[in-house]
Amino acid sequence: MSFHQLMQPRQRSQFQAVGEFLYIETCTSKVRISTERGEYTLRTGAQIIDPKLAGVVTVENLGEAGNVTIVCGFGRYIPPSDGQQVAVTAMPAMSFAPGQSVAVSELPRVALVDGQAVVISELPAVSLAENQQVTVSRLPSISLADGQTINVTNTAPLQTKPVGGDGAVGNVLTIASNAATLAGNPSRCHVLLKASTTNTNGITVNGGWTLAAGETLQLNTTAALTFAGTDGDTLETIEITR
Numbered sequence: 008m009s010f011h012q013l014m015q016p017r018q019r020s021q022f023q024a025v026g027e028f029l030y031i032e033t034c035t036s037k038v039r040i041s042t043e044r045g046e047y048t049l050r051t052g053a054q055i056i057d058p059k060l061a062g063v064v065t066v067e068n069l070g071e072a073g074n075v076t077i078v079c080g081f082g083r084y085i086p087p088s089d090g091q092q093v094a095v096t097a098m099p100a101m102s103f104a105p106g107q108s109v110a111v112s113e114l115p116r117v118a119l120v121d122g123q124a125v126v127i128s129e130l131p132a133v134s135l136a137e138n139q140q141v142t143v144s145r146l147p148s149i150s151l152a153d154g155q156t157i158n159v160t161n162t163a164p165l166q167t168k169p170v171g172g173d174g175a176v177g178n179v180l181t182i183a184s185n186a187a188t189l190a191g192n193p194s195r196c197h198v199l200l201k202a203s204t205t206n207t208n209g210i211t212v213n214g215g216w217t218l219a220a221g222e223t224l225q226l227n228t229t230a231a232l233t234f235a236g237t238d239g240d241t242l243e244t245i246e247i248t249r
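Per my numbering, the very first residue in the sequence shown carries number 8; after that it's consecutive.
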């Protein structure tokens with residue numbers, strides 16, 4: 008049983024009702040409902056529960072002109088919820104059986120108050136589309152388990168500082184038969200060379216660099232070095248070793 012009518016402001020109308028509930032399905036603002044058991048002022052969505060609802064019902068439109076729809080009947084009336092929103096403020100604890108899972112496709116925006124923190128222990132695999140980029144501005148401290156390694160690759164030249172040593176060995180090489188040699192040393196960090204100030208001519212290092220009398224040179228190498236010059240001229244060397 009239902010009542011549906013286009014009503015003007017303050018217009019009254021009557022209909023016969025029999026049942027246990029009277030539900031206001033639509034109205035513009037408020038309606039005044041008068042039954043044999045009382046008078047009620049109701050809005051859309053409100054209802055009267057009366058197990059002895061019967062007789063003439065008077066409806067007065069207290070709002071603007073518009074449709075007024077009223078539903079009457081027996082039992083418990085639950086209006087449809089199509090298009091309505093449900094706000095969930097609390098949920099009970101949930102347990103999942105082995106093998107069960109929950110797929111979350113979208114989450115609302117989350118705001119944290121001062122002092123709150125979020126700890127993420129695991130993330131799913133992430134795939135990036137072409138031309139997508141990820142910028143990491145900060146990383147937490149990372150601990151590696153025994154046996155774990157990190158491989159670092161870089162296409163740009165890697166600049167390093169010279170490694171210092173903990174030993175020094177001095178020597179003086181004398182040019183004989185126009186040549187002298189400093190043997191290779193795998194524990195050498197670098198070698199300091201100085202052409203003696205009393206030399207008569209320059210000494211050439213490995214066929215390329217010429218040291219004039221009194222000139223010095225540092226080479227960061229462990230390889231053997233050859234020198235060419237005038238017999239009797241000398242070259243002072245200091246090897247810095249690890």
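Positions of the beta carbon are idealized from the N, C-alpha and C atoms, including for glycine.
Separation of residue j from residue i, as counted between CA atoms
i      : j      : result
ALA152 : THR160 : 21 Å
GLN140 : ALA132 : 16 Å
GLU32  : ALA72  : 16 Å
SER41  : THR65  : 5 Å
THR48  : PRO87  : 22 Å
HIS197 : GLY154 : 33 Å
ARG116 : LEU135 : 22 Å
ALA235 : VAL143 : 55 Å
TYR84  : SER9   : 13 Å
TYR30  : VAL38  : 11 Å
VAL3   : VAL126 : This structure cannot speak to residue 3, because the chain is shown only from 8 to 249.
Buried or exposed by the 16-neighbour rule on C-beta atoms within 10 Å, applied to residue i
i      : result
ALA24  : buried
ASP240 : buried
ILE77  : buried
GLU46  : exposed
ALA110 : exposed
VAL176 : exposed
Beta-bridge pairing of residue i - partner residues as DSSP gives them
i     : result
ASN68 : VAL38
ALA61 : VAL25
SER2  : The chain is shown from 8 up to 249; residue 2 falls before or after that span and cannot be answered.
ILE31 : ILE77
MET14 : GLY73
ARG19 : GLU67
LEU49 : VAL38
**Study point:** Completely contained beta strand (DSSP E) runs for the stretch 164-247, where each covers 3 or more residues
**Key:** 174-181, 186-189, 195-202, 210-212, 216-218, 223-226, 232-235
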